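Undergrad: I have a structure I would like to understand better, so I am pasting it below and will then ask my questions one at a time.
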Amino acid sequence: MGVIKKMLRAGLLATVSGVSLLAVSAPGAYATGMPQLDFANPLVTGQVMWGAVIFFVFYMVLSKAMLPGITRVLQDRSKRISGDLEIARAAKQDADKAVAELQQARKDAMAEAQAHLDQVLAEEHKAAEQQMQEINARVTAEIADAEKRVAEEKTRALSALKEIAGDTTQALVQRLTGIVPDAQLVAQKVESASAHSTI
Amino acid sequence: MAGGSSINVLEQFELHPVLGGLGEALRFSQSPLYMIVAVCLVLAFLYFGMRPAAVVPGRLQAAAEVCYEFIHNMAVDTIGPEGTAFFPFIFTLFFFILAGNYIGLLPFSFTFTSHIAVTFALAMMVFVLTVIVSLKVQGLRFFAHFMPEGASPFLAPLLIPIEILSFLSRPVSLSIRLFANMVAGHVMFDIFASFVIMLAGFGVVGDVFAVGPIAINVALMALELLVGVLQAYVFAILTCIYLREAVAH
């Protein structure tokens, strides 16, 4: 196969050399057509063979080495950018969470303080009320006590009055009559007299 | 053309063996040589661009990444999720053609995409690839595509040959589009450049008027820079479209 090809090539070459020799010997005849359409020229068809080899090598180098390298660089970059974005997003989320926590804490603290304040106020109110009640009770008790004492004093004064009345009566009777009256009788009379009159 | 000095605008497309007899024996002309140069330039650009592999890319790395992402988006957006599998192929195709088109714009260089043999080989490679992928993905249902859905069965004798013909003409249109664009651009360059040389023969007046074709050539260079990337893009996007049809279930 290879030998046949070589022979063919040699034959073609010989033909071409002959043709080009003819062309050189006959100037002007060479320029009759487009060189691109001169398919008898092995150089024209040789382009296809060499072009195929070069294109194949170009394709291989690009697809196996060059393009995967660029793909890797681009992927690394997009991965890094998305990673950085992820980190930034996470940081933002954390910050948002912290802010929310802070706000919640502030709200809680405010509510707690308010509750505390309310409680203290209520306690104070209650304490004041209780104190007031205590004072009232004490005052009432003291008034009652005083009234009782007044009544006692009154009773005592009244009982002392009878005694004084008896003594006075005895002294009067003695001064008027000169007789010492019977104490028991005087007491009886004073008693009956005080029963009739009201003080 | 003018006077005794004949200017042949097609001369620039002639192939010459490199390294004399060795090149002749290996059929190695300047065309494959410039293919190698183009491939090496693209690989060097990608290699030196991506060598820092930095997270924050420099200029060259950003340029290499833009190239990667441009083709990657084109492949995935056009072909679909299966596009990633074909992405290296599209990338190779696009940059092979683009580098070929652009290298040809340098003086004394050679445009291998101006050879129909090269462009047709590329187009046939795409064509054969799409047929293989179609048969692999769709099996025999692939042949159902030659009858447009919803069309009247009475039109089948007319439609099926048209569809088959349009399918078979894909590599032809694909290759001739690129080839013709490149040839036309370089012929124009040559024609206007030859005007300059011709005008130079008319003395001072000619020298003054020669500014015109030079200015046109400068403008043409801008146009060719556009055409060069546009044709590479068209070739790649059409390949993507053919592949999308191939992988569609």
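Chains as they are written, first to last, in UniProt numbering: chain A, 1 to 199; chain B, 1 to 249. The C-beta atom is built at its ideal place from N, Cα and C for all residues, glycine as well. Bear in mind the structure is a predicted one, so any value in this text is a computation, not a measurement.
With a 10 Å radius around its C-beta and 16 neighbouring C-beta atoms as the bar for buried, classify B:Gly-21 as buried or exposed.
TA: The residue is exposed, with fewer than 16 neighbouring Cβ atoms inside 10 Å.
Undergrad: Under the three-state reduction of DSSP, which class applies to B:Ser-152: helix, strand or coil?
TA: Coil.
Undergrad: If the criterion is Cβ atoms closer than 7 angstroms, does the pair A:Val-57 and B:Ala-117 meet it?
TA: Not in contact: A:Val-57 and B:Ala-117 (Cβ atoms no closer than 7 angstroms).
Undergrad: Using 8 angstroms as the cut-off, can you tell me whether the stretch 205-213 of chain B makes contact with the stretch 134-151 of chain B, which would need three or more C-beta pairs spanning the two stretches below that distance?
TA: Touching, no.
Undergrad: Looking at C-alpha atoms only, which residue of B:Pro-161, B:Leu-129, B:Val-39 and B:Leu-46 is the closest neighbour of A:Gly-51?
TA: For the residues B:Pro-161, B:Leu-129, B:Val-39 and B:Leu-46, the minimum Cα distance to A:Gly-51 belongs to B:Val-39.
Undergrad: In the DSSP assignment, find the unbroken alpha helix (DSSP H) run with B:Gly-80 in it and report its ends.
TA: Looking at the DSSP string, B:Gly-80 is not in any alpha helix (DSSP H), and its letter there is neither H nor E.
Undergrad: Could you spell out where the alpha helix (DSSP H) holding A:Asn-41 opens and where it closes?
TA: Element bounds for A:Asn-41: n/a, residue is neither H nor E.
Undergrad: Which chain B residues sit within Cβ distance under 8 angstroms of A:Met-49?
TA: The answer, in chain order, is Arg-27.
Undergrad: What is the rounded straight-line gap between the Cα of B:Leu-238 and the Cα of B:Phe-108?
TA: Roughly 31 angstroms between the two C-alpha positions.
Undergrad: For the alpha helix (DSSP H) that A:Gln-75 lies in, which residues bound it at each end?
TA: Here the alpha helix (DSSP H) through A:Gln-75 covers 67-177.
Undergrad: What is the DSSP secondary structure of B:Pro-17, reduced to helix, strand or coil?
TA: It is a strand residue.
Undergrad: Determine the DSSP secondary structure at B:Ser-166, reduced to helix, strand or coil.
TA: Three-state DSSP puts B:Ser-166 in a helix.
Undergrad: What does the Cβ neighbour count give for B:Arg-27, buried or exposed, with the cut at 16 atoms within 10 Å?
TA: Buried.
Undergrad: Please confirm if B:Ala-236 has its CB atom under 7 angstroms from at least one CB of chain A.
TA: Not closer than 7 angstroms to any Cβ of chain A, the Cβ of B:Ala-236 fails to qualify, so no.
Undergrad: Counting C-beta neighbours from all protein chains within 10 Å, is the total for A:Gln-133 16 or more, i.e. buried, or is it exposed?
TA: Classification of A:Gln-133: exposed, given that the 10 Å Cβ count is below 16.
Undergrad: Under a Cβ-count criterion, where at least 16 other Cβ atoms within 10 Å of its own Cβ denotes burial, should A:Glu-123 be classed as buried or exposed?
TA: Classification for A:Glu-123: exposed.
Undergrad: Please list, in chain order, the residues of the stretch 97-116 of chain B that have any C-beta partner in chain A closer than 9 angstroms.
TA: If the cut-off is 9 angstroms between Cβ atoms, the stretch 97-116 of chain B has Phe-112, Ser-114, His-115 and Ile-116 near chain A.
Undergrad: Closer than 7 angstroms by C-beta to B:Val-229: which residues in its own chain qualify, once you throw out the five before and the five after it? Chain order, please.
TA: Correct list, in chain order: Leu-98.
Undergrad: Our contact map puts B:Ala-246 next to B:Val-137 with C-beta atoms below 8 angstroms; I'd like the distance itself, whole angstroms only.
TA: Right, the Cβ-Cβ distance comes to about 6 angstroms (below 8 angstroms), so this counts as a contact.
Undergrad: Between the alpha carbons of B:Ala-62 and B:Tyr-47, how many angstroms are there, rounded?
TA: Straight-line Cα distance between these residues: approximately 13 angstroms.
Undergrad: Note down, in chain order, each residue of its chain lying with its Cβ closer than 8 angstroms to the Cβ of A:Gly-178, except the 5 sequence neighbours on either side.
TA: Nothing listed; no residue qualifies.
Undergrad: Using a Cβ-Cβ cut-off of less than 7 angstroms, list which residues of the stretch 62-73 of chain A approach chain B; keep chain order.
TA: The stretch 62-73 of chain A vs chain B, Cβ under 7 angstroms: Leu-62, Ser-63, Met-66, Leu-67, Gly-69, Ile-70 and Val-73.
Undergrad: Taking its Cβ as the centre, do 16 or more other Cβ atoms sit within 10 Å of B:Asn-101, making it buried, or is it exposed?
TA: Flag for B:Asn-101 reads buried.
Undergrad: Determine, using beta carbons only, whether A:Val-44 comes closer than 7 angstroms to chain B.
TA: Yes, contact with chain B.
Undergrad: Based on the DSSP secondary-structure assignment, which residues constitute the bridge partners of B:Ser-29?
TA: Beta-bridge pairing links B:Ser-29 to B:Pro-17.
Undergrad: Would you say B:Val-128 faces chain A, with C-beta separation under 7 angstroms as the test?
TA: False, the Cβ-Cβ gap to chain A never drops below 7 angstroms.
Undergrad: Taking only three categories from DSSP, how would you classify B:Thr-111?
TA: Here B:Thr-111 sits in coil by DSSP.
Undergrad: For B:Val-55, would you say it is in contact with chain A, using Cβ-to-Cβ distances shorter than 7 angstroms as the test?
TA: Yes, B:Val-55 lies at the interface with chain A (some Cβ there is under 7 angstroms from its Cβ).
Undergrad: Taking the beta carbon of B:Ser-23 as the centre, do at least 16 other beta carbons fall within 10 Å, making it buried, or is it exposed?
TA: A small correction: the amino acid at residue 23 of chain B is Gly; Ser does not occupy that position in the sequence shown. Buried: at least 16 other Cβ atoms inside 10 Å.
Undergrad: Can you check whether the C-beta of B:Phe-146 is within less than 7 angstroms of a C-beta belonging to chain A?
TA: B:Phe-146 does not count as touching chain A.
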